[in-house]
Amino acid sequence: DVGEERFARKIVGKILEFRGKNPLKTTKELAQLVSSVIPRRLQKQGLNPATLTFQALRIAVNDELQELEVLLKQIPSRLKKDGRVAVISFHSLEDRIVKHQFRKWENPCVCPTYLPYCICGEKPRGLVLTRRPVNATKKEVTNNPRSRSAHLRVFAFEKTVL
Numbered sequence: 006d007v008g009e010e011r012f013a014r015k016i017v018g019k020i021l022e023f024r025g026k027n028p029l030k031t032t033k034e035l036a037q038l039v040s041s042v043i044p045r046r047l048q049k050q051g052l053n054p055a056t057l058t059f060q061a062l063r064i065a066v067n068d069e070l071q072e073l074e075v076l077l078k079q080i081p082s083r084l085k086k087d088g089r090v091a092v093i094s095f096h097s098l099e100d101r102i103v104k105h106q107f108r109k110w111e112n113p114c115v116c117p118t119y120l121p122y123c124i125c126g127e128k129p130r131g132l133v134l135t136r137r138p139v140n141a142t143k144k145e146v147t148n149n150p151r152s153r154s155a156h157l158r159v160f161a162f163e164k165t166v167l
């Protein structure tokens with residue numbers, strides 16, 4: 006689920022089928038197993054077909070999405086009054102969590118939209134400085150291929166709101 010792998014069910018089925026006969030002993034075996042499930046025509050050039058599977062395993066094992074949410078909730082109390090926070094995410098689910106939290110800080114009002122003005126008393130904490138994520142340039146990706154999926158977002162807390 007967290008790897009956003011289209012063929013997740015087929016991959017799981019293949020792993021279970023394989024493990025019924027032999028245990029998986031190496032990551033290479035797992036990568037080959039995953040590659041055998043994904044049709045060649047859908048495999049992206051230059052990207053190992055098992056990349057999303059390993060990413061999903063890492064995210065699940067490390068509970069990375071929950072850890073990110075916990076970190077983001079702690080940031081306002083740990084920054085100086087005029088602090089800025091910059092977050093680099095490498096996965097769309099991580100980026101979505103960051104984007105939603107930044108929006109929540111910028112517009113925390115929970116009043117129904119039919120009300121003409123805010124009555125909840127929630128005040129904005131600052132401004133999102135990057136409406137869209139900043140992505141690596143082609144030159145950066147050439148020099149550092151791991152940067153290809155990096156997304157940078159920045160939020161500036163206002164002095165008076167923390």
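What the sequence shown shows, in this note's numbering, is residues 6 to 167, in sequence order.
Just so you know, even glycine gets a beta-carbon here, dropped at the ideal spot from N, CA and C.
The structure presented is a predicted model; accordingly, all values stated were derived computationally and were not measured.
Handout entry: Stretch-stretch touch, CB-based, cutoff 8 Å, three pairs: the stretch 149-156 with the stretch 117-129
Key = Of all C-beta pairs linking the stretch 149-156 to the stretch 117-129, fewer than three are shorter than 8 Å, placing the two stretches out of contact.
Practice task
With distances taken Cα to Cα, identify the nearest neighbour of residue 90 among 98, 114, 81.
Solution key: It is 81.
Problem - Proximity of residue 160 and residue 120 at Cβ, strictly below 8 Å - result: No, these two residues do not count as a Cβ contact at 8 Å.
Practice task
Counting only runs of 4+ residues fully inside the stretch 78-133, write out the alpha helix (DSSP H) ranges in chain order.
Solution key: The stretch 78-133 contains these whole alpha helix (DSSP H) runs: 97-111.
Practice task
May I ask whether a heavy atom of the ligand FMN can be found less than 7 Å away from the beta carbon of residue 100?
Solution key: The model depicted lacks the ligand FMN and carries no ligand whatsoever.
Problem - Range of the contiguous beta strand (DSSP E) that encloses residue 210 - result: What the structure shows of the chain is the stretch from 6 to 167, and residue 210 is not part of that stretch, so it cannot be assessed.
Handout entry: Counted within 10 angstroms of its Cβ, other Cβ atoms place residue 37 as buried (16 or more) or exposed
Key = Counting of Cβ neighbours within 10 angstroms places residue 37 among the exposed residues, the total staying below 16.
Practice task
Check whether the Cβ atoms of residue 19 and residue 87 sit closer than 8 Å, and answer yes or no.
Solution key: No, Cβ-Cβ distance for residue 19 and residue 87 is not below 8 Å.
Practice task
Could you tell me the boundaries of the alpha helix (DSSP H) in which residue 48 lies?
Solution key: Looking at the DSSP string, residue 48 is not in any alpha helix (DSSP H), and its letter there is neither H nor E.
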